[in-house]
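Trainee:
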Amino acid sequence: MDLKGRDFLKLLDFTTEEIAYLLDLAADLKEKKKKGIPVDTLRGKNVALIFEKTSTRTRCAFEVAAHDLGMGTTYLDPSGSQIGKKESIADTARVLAGMFEGIEYRGFGQDIVEELARYANVPVWNGLTNEFHPTQMLADFLTIREHFGHLEGIRLTYMGDARYNMGNSLMVACAKMGMHFTACTTAKYFPEEGLVAQCREIAAQTGGSITLTEDVDAGTKDRDVVYTDVWVSMGEPDEVWEERIRELSPYQVNRAVMENAGEKAIFMHCLPAFHDMDTKIGAQMGERFAVNEMEVTDEVFESPQSLVFQEAENRMHTIKAVMLATIGE
Ligand code: CP
Ligand code: NVA
169 MDLKGRDFLK LLDFTTEEIA YLLDLAADLK EKKKKGIPVD TLRGKNVALI FEKTSTRTRC
229 AFEVAAHDLG MGTTYLDPSG SQIGKKESIA DTARVLAGMF EGIEYRGFGQ DIVEELARYA
289 NVPVWNGLTN EFHPTQMLAD FLTIREHFGH LEGIRLTYMG DARYNMGNSL MVACAKMGMH
349 FTACTTAKYF PEEGLVAQCR EIAAQTGGSI TLTEDVDAGT KDRDVVYTDV WVSMGEPDEV
409 WEERIRELSP YQVNRAVMEN AGEKAIFMHC LPAFHDMDTK IGAQMGERFA VNEMEVTDEV
469 FESPQSLVFQ EAENRMHTIK AVMLATIGE
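For the sequence shown, our numbering begins at 169 and goes up steadily by one.
1. According to DSSP, is residue 352 part of a helix, a strand, or is it coil?
2. For residue 361, which residues in the same chain have their Cβ closer than 8 Å to its Cβ, ignoring the five residues on either side in sequence?
3. Which term fits residue 474, buried or exposed, when burial requires 16 or more other beta carbons within 10 angstroms of its beta carbon?
4. Going by DSSP, what residues sit across from residue 434 in a beta bridge?
5. Residue 337 lies in the beta strand (DSSP E); which residues open and close that run?
6. Please list the segments of the alpha helix (DSSP H) lying wholly inside the region 282 to 320, counting only runs of 4 or more residues, in order along the chain.
7. Would you say residue 357 touches the ligand NVA, meaning its beta carbon is less than 8 Å from a heavy atom?
8. Check whether the region 242 to 250 and the region 191 to 200 touch, using three or more Cβ-Cβ pairs below 8 Å as the test.
9. What residues in its chain sit with their C-beta under 6 Å from that of residue 486, if we drop five residues either side in the sequence?
10. For residue 474, which three-state DSSP category applies?
11. Looking at residue 438: is its Cβ nearer than 9 Å to the Cβ of residue 304?
12. Taking residue 264 as the reference, which of 253, 214, 295, 274 has the closest Cα?
13. Just reading off the beta strand (DSSP E) that residue 214 is part of, what are its end residues?
14. Name the one or two DSSP bridge partners that residue 244 has.
15. Expressed to the nearest angstrom, what Euclidean distance is found between the alpha-carbon atoms of residue 368 and residue 340?
16. Please identify the residue among 456, 401, 238, 386 whose C-alpha is closest to the C-alpha of residue 300.
17. Roughly how far, in whole angstroms, is the beta-carbon of residue 342 from the beta-carbon of residue 324, given that I think they are within contact range, below 8 Å?
18. Consult DSSP for residue 256 and reduce its assignment to one of helix, strand or coil.
19. Out of 258, 237, 469, state which residue places its alpha-carbon closest to the alpha-carbon of residue 496.
20. What are the partner residues of residue 327, as DSSP defines its beta bridges?
21. I'd like to confirm something about residue 366: is its beta-carbon nearer than 8 Å to some heavy atom of the ligand CP, or not?
22. The ligand CP and residue 206: does the residue's C-beta get closer than 8 Å to at least one heavy atom of that ligand?
23. Please go through the same chain and pick out, in chain order, the residues whose beta-carbon is closer than 8 Å to the beta-carbon of residue 476, but skip the five residues on each side of it.
24. What does the alpha-carbon distance come out to for the pair residue 356 and residue 418?
25. Helix, strand or coil, according to DSSP, for residue 251 in the structure here?
26. Output the distance between the C-alpha atoms of residue 432 and residue 317, rounded to the nearest integer angstrom.
27. Residue 387 by DSSP, collapsed to three states: which one?
28. Do you know whose CA, among 393, 274, 255, lies nearest residue 295's CA?
29. Give a single yes or no on whether residue 379 has its beta carbon closer than 8 Å to a heavy atom of the ligand CP.
30. Taking 8 Å as the cut-off, is the C-beta of residue 475 nearer than that to any heavy atom in the ligand NVA?
31. Any chance the region 250 to 264 sits against the region 195 to 207, with 3 or more Cβ pairs inside 8 Å?
32. With 16 as the cutoff for other CB atoms within 10 Å, does residue 302 come out buried or exposed?
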């Protein structure tokens with residue numbers, strides 16, 4: 169499998185076999201890291217990490233993975249670069265491609281990362297856009313595979329805002345890997361029709377399926393994975409909080425949902441999560457709208473069924489695999 173020189177912008181651009189290869193590579197890199205066997209074959213190379221939105225996991229995963237591989241990193245924070253303000257994406261791409269062997273971009277529209285990739289003649293990796301979060305998918309699917317031993321046939325339900333980066337990406341990833349994806353939410357938050365149709369076509373080839381339902385009982389019955397994400401994403405205005413809490417509260421992942429899914433079901437979340445009032449925004453919004461938990465209850469988040477921290481660790485191993493495969497040795 170040769171992915172050298174490829175961008176990693178969305179999973180729609182990759183075949184089932186290529187995704188499986190990246191997961192295998194990540195599993196191997198994880199094992200080597202645990203055994204203390206260094207893989208630093210990208211020594212002397214450098215990567216640029218552009219973050220137009222904040223991050224804990226993705227930034228740390230890229231930095232640690234790059235350092236493990238022997239590379240240097242330059243972090244460009246949401247206010248610290250000229251991108252989009254004084255310098256176009258096309259110019260930025262060509263400047264950075266002259267100094268770095270790869271570029272990570274986290275920001276707003278998918279069109280921005282696609283444009284960056286068009287102008288940069290080094291691999292560009294999508295560290296999250298409004299539409300897609302593909303590196304998160306590899307971590308999630310490595311975690312599911314570690315837990316169940318396989319991906320094909322796994323039934324995954326996503327609850328909450330299914331029309332944004334996480335809902336879209338999980339639907340695509342499940343279709344690619346022959347899994348059964350259900351978006352369980354109010355119809356307003358279903359993924360966009362065109363993408364649903366595209367994923368149904370892919371699923372028809374892989375043995376997967378795509379279901380959209382507003383019915384919590386049917387949508388969460390006998391599931392392998394129950395997944396959710398924040399109800400208000402980065403970059404969205406504060407004004408939407410009230411509406412989101414009202415409309416998405418029926419789709420909270422709580423004990424009843426997990427019992428309906430069954431005792432073998434696991435809970436996943438890309439994080440960060442509002443599962444208690446211990447964060448500044450969580451406390452503010454909780455007080456304003458009289459709630460003390462949002463997309464997931466603290467009970468489920470802290471339960472043995474919750475794999476969220478294994479999932480978070482896997483961000484690093486999978487991002488390492490993406491950089492190693494696309495930069496090449
Ligand atoms: N899951 C994820 O992308 O986390 P960060 O926003 O902390 O990078
Ligand atoms: N939907 C969330 C995902 C964070 C990893 C956001 O875009 O803020």
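Glycine included, every Cβ here is placed at the ideal spot set by N, Cα and C.
Mentor: So, to answer that:
1. strand
2. none
3. buried
4. 393
5. Note, residue 337: premise wrong, no beta strand (DSSP E); alpha helix (DSSP H) at 333 to 344.
6. 302 to 316
7. no
8. no
9. 194, 306, 307, 310
10. strand
11. yes
12. 214
13. 214 to 219
14. 218
15. 9 Å
16. 401
17. 6 Å
18. coil
19. 237
20. 352, 396
21. no
22. no
23. 435, 436, 437, 439, 441, 469
24. 14 Å
25. strand
26. 13 Å
27. helix
28. 274
29. no
30. no
31. no
32. buried
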